[in-house]
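Mapped onto this note's numbering, the consecutive letters of the sequence shown carry residue numbers 284 to 667.
Beta carbons are placed, not taken as given, at the ideal position from N, Cα and C, and that holds for glycine.
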Amino acid sequence: MKKIYFDHSATTSVDPQVVEAMLPFFHEKFGNPSSIHSFGRETKVALEEAREAVAEFVKARAADIYFTSGGTESDNLAIKGAAYELKNKGNHIITSKVEHHAVLHTCEALEQEGFEITLLNPDKYGVVHPEAVEKAIKSNTILISIMHANNEVGTINPIEKIGEIAQSKGILFHTDAVQTFGKLPLNLSKLPIDLMSVSGHKIYGPKGIGILYIRKGVKLAQLMHGGGHERNRRAGTENIPGIIGLAKAVELRKQNFKKENEHIKKLRDRLAERIDKEVPRAILNGHPEKRLAGHLNLSFQGIEGEALLLSLDLKGIAASSGSACTSGSIDPSHVLLAMGVKPELARSSIRFSLGKDNTEADVDYTLEILPEIVTRLRSMSAIE
Ligand SMILES: *Cc1c(COP(=O)(O)O)cnc(C)c1O
Numbered sequence: 284m285k286k287i288y289f290d291h292s293a294t295t296s297v298d299p300q301v302v303e304a305m306l307p308f309f310h311e312k313f314g315n316p317s318s319i320h321s322f323g324r325e326t327k328v329a330l331e332e333a334r335e336a337v338a339e340f341v342k343a344r345a346a347d348i349y350f351t352s353g354g355t356e357s358d359n360l361a362i363k364g365a366a367y368e369l370k371n372k373g374n375h376i377i378t379s380k381v382e383h384h385a386v387l388h389t390c391e392a393l394e395q396e397g398f399e400i401t402l403l404n405p406d407k408y409g410v411v412h413p414e415a416v417e418k419a420i421k422s423n424t425i426l427i428s429i430m431h432a433n434n435e436v437g438t439i440n441p442i443e444k445i446g447e448i449a450q451s452k453g454i455l456f457h458t459d460a461v462q463t464f465g466k467l468p469l470n471l472s473k474l475p476i477d478l479m480s481v482s483g484h485k486i487y488g489p490k491g492i493g494i495l496y497i498r499k500g501v502k503l504a505q506l507m508h509g510g511g512h513e514r515n516r517r518a519g520t521e522n523i524p525g526i527i528g529l530a531k532a533v534e535l536r537k538q539n540f541k542k543e544n545e546h547i548k549k550l551r552d553r554l555a556e557r558i559d560k561e562v563p564r565a566i567l568n569g570h571p572e573k574r575l576a577g578h579l580n581l582s583f584q585g586i587e588g589e590a591l592l593l594s595l596d597l598k599g600i601a602a603s604s605g606s607a608c609t610s611g612s613i614d615p616s617h618v619l620l621a622m623g624v625k626p627e628l629a630r631s632s633i634r635f636s637l638g639k640d641n642t643e644a645d646v647d648y649t650l651e652i653l654p655e656i657v658t659r660l661r662s663m664s665a666i667e
């Protein structure tokens with residue numbers, strides 16, 4: 284059976300060139316970069332070269348790039364690190380209802396500890412407006428955390444304006460850029476960003492590796508205690524193969540991301556147009572233009588998204604729903620609900636997220652399958 288992967292927002296396959304770059308670091312070049320002998324020095328050099336390469340890609344100083352275990356850890360380190368460091372200055376944090384759970388649940392945990400969290404509503408397209416951020420600022424605000432682009436609907440936020448507001452008030456600004464790093468140009472020498480989270484496995488790099496960019500001078504409380512790794516910011520022997528793989532993935536995105544974006548957007552638009560013509564009552568979620576090239580989140584009125592996903596999977600097509608399936612009951616996506624999508628429409632949504640290796644044939648095969656499934660599910664469905 285044909286197998287089609289339309290879930291690149293969840294993860295991507297590791298680029299063969301990335302695997303190749305990583306391999307020597309399991310066997311020949313296995314030294315601990317903290318060791319002073321030649322084995323250690325060899326990996327230390329590779330580690331710092333990788334840091335340089337990543338920094339150059341986003342026009343940051345290499346010294347401001349810190350390797351972590353992924354997007355989730357970077358979000359935790361940025362938010363808890365800032366909160367604990369600044370708790371004597373204030374206890375108020377501003378974020379939004381459309382953030383990834385790595386941000387939302389971290390903020391909820393801080394709320395349990397006595398921090399005050401403001402959760403901003405986005406507009407109907409999922410955009411968090413700078414004006415809303417500005418209005419929420421209080422004298423005790425210590426951190427603003429707003430994602431660059433949303434993982435469920437792909438909507439891109441005006442982080443430059445939000446960062447400028449934060450900067451003008453002397454408040455730290457963190458952005459979760461996991462969905463945009465390697466896909467949109469990011470120039471940290473110009474952007475008013477203090478903290479930025481990145482993950483390897485969303486850009487054809489390995490899982491379990493990420494970055495937190497920490498602007499020079501920003502102090503964070505440590506979450507991991509141990510050795511002096513990553514200049515005392517993040518203890519633990521560095522994941523060298525992961526770091527080398529991430530740097531290689533960055534190099535490949537740097538060379539190719541414009542071409543990849545064009546290719547992906549063309550396919551995504553073809554998928555959107557054909558569904559619009561051939562499947563009635565499919566409603567777009569997210570911003571019609573200001574969104575990532577690969578995202579297509581649609582509500583198929585009258586059916587359960589979960590049932591649609593399972594039917595597509597039986598035909599080899601892997602898409603996803605933003606909703607979390609907990610003990611058999613399906614929670615509608617918190618992102619769609621925050622955007623004002625009605626719960627029954629939120630439950631009928633699925634996300635296609637396309638990637639560089641998808642083809643026109645993938646889109647056309649999907650359209651051979653999808654209209655039939657939707658018609659069948661609607662005929663069986665009790666919901667309107
Ligand atoms: C995937 C993702 C994360 C989590 O990154 P991991 O490396 O899987 O921990 C965080 N934020 C966003 C927006 C994501 O899409």
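The continuous alpha helix (DSSP H) containing residue 543 extends over residues 523-561. For a cut-off of 8 Å, the C-beta gap from residue 504 to residue 475 is around 23 Å, too long to register as a contact. Residue 648 has no beta-bridge partner at all, per DSSP. Exclusion of residue 501 from the 7 Å shell around ligand 1 follows from its C-beta lying no nearer than that to any non-hydrogen atom of the ligand. Taking the CA atoms as reference points, residue 327 sits about 19 Å from residue 533. Here the region 444-464 lies against the region 371-385, with 3 or more beta-carbon pairs under 8 Å apart. For the region 405-469, the continuous beta strand (DSSP E) assignments of 3+ residues that do not extend past its boundaries occur at 424-428 and 455-459, in sequence order. Residue 579: member of the beta strand (DSSP E) spanning 578-583, first to last residue. Listed as beta-bridge partners of residue 634 by DSSP are 580 and 603.
Contact annotation: residue 604 and residue 589 have beta-carbon atoms nearer than 8 Å.
A distance below 8 Å separates the beta carbons of residue 616 and residue 435. Proximity of the region 316-336 to the region 542-554 falls short of the contact definition, fewer than three beta-carbon pairs being nearer than 8 Å.
Here residue 470 is exposed: its Cβ has fewer than 16 other Cβ atoms, across all protein chains shown, within 10 Å. Here residue 537 has 340 as same chain residues with Cβ atoms under 6 Å from its own Cβ, once five neighbours each way along the sequence are excluded. DSSP places residue 486 in the coil class of the three-state scheme, outside both helix and strand. Counting other Cβ atoms within 10 Å of its Cβ, residue 309 stays below 16 and is therefore classed as exposed.
Between residue 398 and residue 361, the beta carbon gap of about 14 Å keeps them out of contact (Cβ cut-off 8 Å). Between ligand 1 and the CB of residue 290, the shortest heavy atom gap is not smaller than 7 Å. Pairing residue 564 with residue 570, the inter-Cα distance amounts to about 18 Å.
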